[in-house]
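At position 140 of the sequence shown the residue is numbered 140 (the UniProt record's numbering), and the sequence of numbers has no breaks.
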Amino acid sequence: MNINPFKQRMVASVLAAGLVLAPLPALQPGVAAAASASAQTSVMKVFVDGVNLTLPQAPTVKNGATLVPMRAIFGALRANVTWDAQTKTVLATKGNDYISLKIGSAYAVKNGASVKLQTAAEQKNGTTLVPLRFVAEALGAEVSVDAKQRVIRITSDPQDAEEEDTTGGETEAAAEALTTQEIVAMNDEKVVMITTDQAQGSGVVVGGNLILTNYHVVASASKATVALNDNSALGVKGIVAVNEAADLALIQTESALSVSPVQLASPFFVEKGSRVVTIGSPLGFQNTAAEGLISNITYEGGTLYYQTSAPIDHGSSGGAMFNESGELLGITTSKIEGTSADLNFAVSVRHVLALLQEYSMNPKTAAFEPASELKLEGATTEDIRKAFADNFGTVTTTEGTTELKNVEVTRDASGWLVINAVIDSSFYMLFGDKTADDLRYWAIDAGAALRKALPNQTIQLSVYYQQEFNFEPRGFASGEVTKLANGKWQVRYPVVDLQENDKMYVRVRT
């Protein structure tokens, strides 16, 4: 492909300026033209294993480092590369080495370790440019520069060509598969149980005092501890990096972990049907190991997920999913309940690499992000109604999310604060049985917040099923079916009934 004309003129202009500053006599027109032509051809050339690399855009020199188009250099070095548009991160792998570079970041990540760059990767004229020397050396190649001839020579590992197969040219050598016992022994101490003042989950050690987990495990917490496999425990200083879209968070412990970090897998070469091993703390059973397959590979909202048959449950969130080489392939995140199909999901290591890159670029002071507390002492019933609707008007369940309607707040003759709302009738008819536990937990959370916001008050929270019919339904308790002025019949009964003062009582009807 032709060199970008604008860059050609830029290089020519710079070189021409150098000639003007040199103590030379005035050039004749023909000599000047020849000098100009020479300048145009003196753009830095890149040779990889003796072959002149054709670049779609001329190399750029910045802060003494040469930047070249991403795909050209990775392709020449027989590495696999992908572009994460969501985080503007380059992810590449070759053999057992992986690197990530984020546009504008002064740091890169190589095999999980942060590396200071001479200059950051950048985008120019629609092309992503990466620092040539770092990329080449990070992928095992040697780099030499002939400044006089304006030539950069890269010599890759001679074994690279031998490792390519005849089916697809993939350069990653097939690692010997470990047994399940070997994978667990290799990683058991690197998976921890996380307990917060809001939830319980799992986490994976990725640095000296860094643990990776799901964001929803620590999202509303004000404090947390991690339990290691040797029965020791450490406090958590707070969250240092977050990717809410991928449900990932990086937390920092108060003191260093005496555990080596997990090895991160390449986000490439992941195949449906591959064997995986998970370790986490479902229902608080610390470091439970399980085996399964990658059942499917899916995208949702820009996030890459691995569906797995390895069983997970509440408390497994933030746990580890390892490949057959014992490398971290994903973070166990969620499951679809009410089915025997083992529909469990893990967020791909691809997003883990991007988050570690983000942390190396923008390290934040460790801090928790607790949900703001309701303060309703002295509030009117209308203020309480608005606060309830804003904070608890949506119920999230394993079967989806439903919004409450017709929120009303009154005080009855006995001085009770009475909060009533109506659940979507179709949602309740379809999923009432399956979401009973979710409705109970929602009510407990709402009740706890209300009791804290309105101390020493007696509160009743009721969520009703309400629907109209053209006939008089049978089989309901007295008072649950009433005839309306329009001639129809209304069925109304409490699905959730919470009562509290010093203690809390919750009943859920399915």
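For every residue, glycine included, the Cβ atom is placed at its ideal position computed from N, Cα and C. Predicted model only: the values in this text are computed from it and were never measured.
If residue i sits next to residue j, beta carbons under 8 Å apart, how far is it from one beta carbon to the other, in whole angstroms?
i	j	result
L417	Q457	6 Å
I194	G302	At roughly 26 Å, the Cβ-Cβ gap does not stay under 8 Å, so I194 and G302 are not in contact.
V407	L439	The pair is not a contact, with the Cβ atoms about 16 Å apart (cut-off 8 Å).
A320	I312	That pair is no contact at about 11 Å.
E189	N229	5 Å
V236	T253	6 Å
S114	S360	4 Å
S425	Q466	7 Å
Could you check what DSSP says for residue i in three-state terms: helix, strand or coil?
i	result
Q181	helix
T167	Below a pLDDT of 50, predicted positions are generally treated as unreliable, and T167, at 40, falls in that range; the measurement from the model is reported next regardless. Note: T167 maps to coil in three-state DSSP.
W442	helix
W416	coil
L234	strand
P282	helix
S222	coil
V135	helix
N344	strand
K452	helix
A32	With a pLDDT of 43 at A32, under the threshold of 50, the modelled position of this residue cannot be trusted, and the question is left open.
D97	strand
T245	The amino acid occupying residue 245 in the given sequence is Ala; Thr does not appear at that position. It is coil, neither helix nor strand.
I103	coil
K110	strand
G75	helix
D49	coil
P25	For P25, the predicted structure reports a pLDDT of 36, less than 50, and the residue's modelled location is therefore unreliable. A value from the coordinates is still provided. Looking at P25 - three-state DSSP - the assignment turns out to be coil, as it is neither helix nor strand.
F469	strand
M321	strand
Are the CB atoms of residue i and residue j nearer to each other than 8 Å?
i	j	result
W489	F476	no
Q123	I103	yes
T339	G432	no
L248	H351	yes
T410	T380	no
residue 527	I239	Because residue 527 is not part of the residues shown, which for the chain are 1 to 510, the question remains open.
V349	P261	no
Classify residue i: buried if its beta carbon has 16 or more other beta carbons within 10 angstroms, exposed otherwise.
i	result
K335	buried
S156	buried
G326	buried
T365	exposed
T66	buried
D383	exposed
F74	buried
G400	exposed
T213	buried
T60	buried
S478	exposed
L484	exposed
Q149	exposed
Below 6 Å CB to CB, which residues in the same chain sit around residue i once its five sequence neighbours on both sides are set aside?
i	result
V135	I73
Q198	S220, A221
In chain order, what residues of the same chain lie with their CB nearer than 7 Å to the CB of residue i, ignoring the 5 residues before and after it?
i	result
T333	N214, D247, S317, F345, A346, V347
Apart from the five residues on each side of it in sequence, which residues of its chain come closer than 8 Å, Cβ to Cβ, to residue i?
i	result
A245	Q86, G301, G302, T303
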